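The block underneath contains the structure these notes are about, expressed in structure tokens.
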Amino acid sequence: MSLRIKKGIPLIDQYDKNCMWGGKFGGNFVPETLKKPIDDLTKLFEKLRKDKSFLKERDDYFKNYVGSPTPLIRLDNLTDYLGGAQIWAKVVSENPGTAHKVYNVLVHCLMARRAGKKYVCTDTGAGMNGKNLAMVGKMLGLKVKIFMGLVDIKRQKKNVDVMKKYGAEVVPVTTGSQTLVDAVSECMRYFVANCDTTHLVVGSAVGPAIWIRICAWSAAQISRELIVQIKEEFGKIPKKLKLLNCIGGGSSALGFWNEFIDYDKKQVELIGVEAGGSKKSKKHAAPLTNGSKIGILHGSAQYVIQDADGQIGETESISAGLDYPGISAIHCFLKDTKRARYTSATDEEALNAYKLVSKFENISPSLEPSHAFAEAIRIAPKLSKDTVLIINSCGHSLKDSIIIKSKLGYYTE
Amino acid sequence: MKSEIQLAFENCKKEKRPALITYTVASDPNKKKSLEILKSLAKYADILELGFPHSTPIGDGGQIQTSSHRAIKNGFKMKDAFQIVKSFKKTEKNKPVILMGYYNMIFQYGENKFLIDCKKSGVSGIICVDLPWPENKIFAKKCKKKSIVFVQLLAPTTTKERMKKIIRDSDSMNYLISILGTTGSKLKVSPKKILENYNKIKRINPKKNLVIGFGITDSTISSFKSASGLVVGSLLCKTITNSLKMRINPATKLLKTVYNLKKKII
């Protein structure tokens, strides 16, 4: 049976009684202890998403704190240089948290407050999620605990400094590969032990179904802004539009694409770009591109890098934010329904994209969106001038300054 | 016919003591040694849980994580778990073994093939950490058909209404997670409180064997004598880790550990 997307229904609601998309992605593969907290959170979310005072509160913060809308700009120099499709960027990183993570974090913190929880915990890879939770948590008077792999703490030190500045506790995770996958596991373990007092913020659209749904619902703000901006700019939705987004867990892409799901894919193509890892290495973080099998990771069935036995495989990427063996269940659903197309870019291609974009344009994408720019650079020259490519520039490069400097010999903010 | 697990509980009941249930990880520290460890434990334990290690164990604390990583690093493959059980059952015919682990391993192996190999090797029961009720209904039914006990887990957060439904669908053995936490956590709640909760659950269906796990060590075990069974895991994994550090045979060391545990619940 082929999978189908239902029109007019939000993707986050297209799941079955087992909380699975397409009958095989998502679900709640969790220890018994988490069943009740998941039920409670689901009830709270269903109540609040219909609660006008909550929505107003959310929108006020989006407008006055995050700053809405984030800019949509035409990259004239890059467009001229590549000589093909028009290239645009939605500079989502133009917000106080310098990444799209702020939306999910804000919604979770507002929910935690409504639930009367004073503590919030989260995982972080690149540190963008951690930084945002530290920032928003402090503003809203919540105590913040952040789990981060030791490898990531070293390579994203700038963000760690910011987290600490905001008063968050950063817990180094030293198990396994000491990256995002281990941070998520450790954070879940902490939540299992403290679910009576603590609100868990999962940093991407992964984990048990309710966290996937809240994350995608929150990030959809990007898309709501974008569709208005596109109509203002072009008068209508262009005939040939392509929305490019990097994919780690997949939260920014779900936010970026949300309003465009029902458009025909011939008109609005959705392109997800995974982390292909180093050209010289066999390891990667691209389960969709490389045909990984369905498995269960962090409570959710998804395409995941694993061996024949079901042990989760090690990943490799220059960008800490994409360095995750799994992928949001909703992206698996979008892949199998063929609504989105997935590909990958290597470390080298992403670095090269950073180099070109920061040279030609007045923006400085982090290594995560640089993967999406890499795909744009690959395809733009082959496309007609009336094709519009929009890249979600969902993170700012400052956090990567050390890596970029070590690879390119310089860094431009 | 009564299952080996049921018979083990009945024997313990006759002796007016809880069943002693141990947990160790297959292939920790290696395949051969873990079999030797099982044989040591079998001298005093009533039921043996054998974990199949997973790389991403979200329900386990530090000690079991260390054992799991050691086993995987030493080349553990799923088929090894069955071979260990099969060899063990050759000499310990009546001692029930329960396989315990995470669902992805069963899923990749294939539920049906997994159960066939359980049956072939002599596995009596299964605990799946991250396949809760009602998601486990279909798999639990398959277990029942093969006369393998699917052990349901109950947690401090499980509501009474949910408890009733889970117990209604359960086989002869259920597992109460004592506290909010991962395996090997410190008991944050007094044994008295845990037993109060235990007794409430036990009353839902007194015929079902209800065991307590998480945080059971040599210093806490004697407080829980009234339970049907008690699971000790992290303490044993820690003992293996320490034995390896001190270059002594973990199987010998564990024999003493399990003897001491048993002495405290007789």
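Protein chains in written order, with our numbering: chain A, 5 to 417; chain B, -16 to 249. Idealized CB from N, CA, C, for every residue including glycine. As the structure is a prediction and not an experimental result, all values here were calculated from the model.
Rounded to whole angstroms, what is the Cα-Cα separation between B:LYS(-3) and B:ILE249? Approximately 12 Å, taken between the alpha carbons.
Practice item. Could you name the residues of the segment 123 to 150 of chain B whose beta carbon sits closer than 9 Å to any beta carbon of chain A, in the order they occur along the chain? Key: Residues of the segment 123 to 150 of chain B that bring their beta carbon within less than 9 Å of a beta carbon in chain A comprise GLN135, LEU136, LEU137, ALA138, PRO139, THR140, THR141, THR142, ARG145 and ILE149, in sequence order.
Please check if any C-beta of chain B sits within less than 8 Å of the C-beta of A:ARG193. True, the Cβ-Cβ gap to chain B drops below 8 Å.
- Query: With burial defined as no fewer than 16 other Cβ atoms inside 10 Å of the residue's Cβ, what is the status of A:TYR194: buried or exposed?
  - Reply: Buried is the call here.
By the DSSP assignment, the beta strand (DSSP E) with B:CYS126 in it spans what residues? Careful: B:CYS126 lies outside any beta strand (DSSP E), inside the alpha helix (DSSP H) at 120 to 128.
Worksheet item: Can the beta-carbon of A:THR391 be found closer than 8 Å to that of A:LYS246?
Response: Going by C-beta atoms, A:THR391 is nearer than 8 Å to A:LYS246.
- Query: With 8 Å set as the bound, which would you pick, yes or no: does the beta-carbon of B:GLN66 sit closer than that to a beta-carbon of chain C?
  - Reply: Going by chain labels, chain C is absent from the structure shown, which instead holds the protein chains A and B.
How far does the beta strand (DSSP E) with A:GLU278 in it reach, from first residue to last?
That run of the beta strand (DSSP E) goes 272 to 279.
Report task. Please report how far the alpha carbon of B:LYS176 lies from the alpha carbon of B:TRP116, in whole angstroms. Result -> Between the C-alpha atoms of B:LYS176 and B:TRP116 there is a straight-line separation of about 25 Å.
(Q) For a contact defined as C-beta to C-beta under 7 Å, what are the partners of A:GLU36 on chain B? (A) In chain order: PRO115, LEU136, LEU137, ALA138, THR141 and ILE160.
TODO: Could you tell me how far apart the beta carbons of B:ALA25 and B:PRO79 are, in whole angstroms, since I believe they sit closer than 8 Å?
DONE: Contact flag wrong, Cβ pair sits at about 10 Å.
Which residues in chain A sit within 8 Å of B:GLU118, going by Cβ to Cβ distance? Counting only Cβ-Cβ distances below 8 Å, B:GLU118 has contacts in chain A at ASN22, GLY31, ASN32 and PHE33, in chain order.
Can you check which of these residues, B:ILE204, B:ALA9 and B:LEU33, is closest to B:ASN57 by C-alpha distance?
It is B:ALA9 whose Cα lies nearest to the Cα of B:ASN57.
Within the same chain, show all residues whose beta-carbon is closer than 6 Å to that of A:ALA357, passing over the 5 residues directly before and after it, in chain order. Only SER374, PHE377, ALA378 and ILE381 meet the Cβ criterion.
Going by alpha carbons, who is nearest to A:THR202 out of A:GLY88, A:TYR414, A:LEU38 and A:SER388?
-> Ranked by how close their Cα comes to the Cα of A:THR202, the residues A:GLY88, A:TYR414, A:LEU38 and A:SER388 have A:LEU38 in first place.
Between A:TYR170 and A:MET139, what straight-line distance do the alpha-carbon atoms span, to the nearest angstrom?
Rounded to whole angstroms, the separation of the alpha carbons of A:MET139 and A:TYR170 is 6 Å.
For B:THR74, count the other beta carbons within 10 Å of its own beta carbon; 16 or more makes it buried, fewer makes it exposed. Which is it?
Of the other Cβ atoms in all chains shown, fewer than 16 fall within 10 Å of the Cβ of B:THR74; this residue is therefore exposed.
Could you tell me how far apart the beta carbons of A:LEU258 and A:ILE334 are, in whole angstroms, since I believe they sit closer than 8 Å? Indeed, because the Cβ distance is near 6 Å, the residues count as touching under 8 Å.
* To do: Pick helix, strand or coil for B:ASN232, following the three-state DSSP scheme.
  => Three-state result, B:ASN232: coil.
Could you name the residues that DSSP lists as bridge partners for A:TRP92? A:ARG78 and A:ILE394, per the DSSP bridge assignment.
* To do: Return the chain-ordered list of same chain residues with a C-beta closer than 6 Å to the C-beta of B:TYR85, the five sequence neighbours on each side being excluded.
  => Within the same chain, B:TYR85 has close Cβ partners HIS37, VAL112 and ASP113.
Q) To which residues does DSSP link A:GLU173 through a beta bridge? A) BP columns for A:GLU173 point to A:LYS149.
ask   = Grouping DSSP H, G and I as helix and E and B as strand, with all else coil, what is B:GLY84?
value = Strand.
Taking C-beta pairs closer than 8 Å, name the residues in chain B that A:ILE300 reaches, listed in chain order. What A:ILE300 touches in chain B: TYR85, TYR86, ASN87, PHE90 and ASP113.
Candidates B:GLU19, B:SER50 and B:MET83, of which the one nearest B:ILE109 by Cα: Ranking the options by Cα distance to B:ILE109, first place goes to B:MET83.
Worksheet item: What is the DSSP secondary structure of A:ASN294, counted as helix, strand or coil?
Response: Assigned with DSSP and collapsed to three states, A:ASN294 falls in coil, not helix or strand.
Which residues share a DSSP beta bridge with A:GLN225?
Partner(s): none; A:GLN225 has no beta bridge.
Item checked: Element boundaries [alpha helix (DSSP H), containing A:ASN133] -> 132 to 143 is the extent of the alpha helix (DSSP H) around A:ASN133.
*As assigned by DSSP and simplified to three states, the class of A:THR126*: Strand, per DSSP.
Does A:GLU372 pass the burial test, meaning 16 or more other C-beta atoms within 10 Å, or should it be called exposed?
With 16 or more Cβ atoms within 10 Å of its Cβ, A:GLU372 is classed as buried.
query = Which word fits A:THR416, buried or exposed, when buried means at least 16 other C-beta atoms lie within 10 angstroms of its C-beta?
reply = By the 10 Å Cβ count, A:THR416 comes out exposed.
- Quick one: is A:GLY145 buried, meaning 16 or more other Cβ sit within 10 Å of its Cβ, or exposed? Burial call: exposed.
- Query: Under three-state DSSP, which class holds B:MET146?
  - Reply: Three-state DSSP puts B:MET146 in a helix.
Margin query: Any beta carbon from chain A within less than 8 Å of B:SER82's own beta carbon?
Written below: The question names Ser, but residue 82 of chain B is Leu in the sequence shown. Answer no: the Cβ-Cβ gap between B:LEU82 and chain A never drops below 8 Å.
Query raised in the report: In chain order, what residues of the segment 326 to 339 of chain A put their CB closer than 8 Å to some CB of chain B?
Result: Legend: CB atoms of the segment 326 to 339 of chain A lying less than 8 Å from CB atoms of chain B are not found in any residue.
Would you mind reading off the limits of the beta strand (DSSP E) that contains A:ALA349? Per DSSP, A:ALA349 belongs to the beta strand (DSSP E) from 344 to 349.
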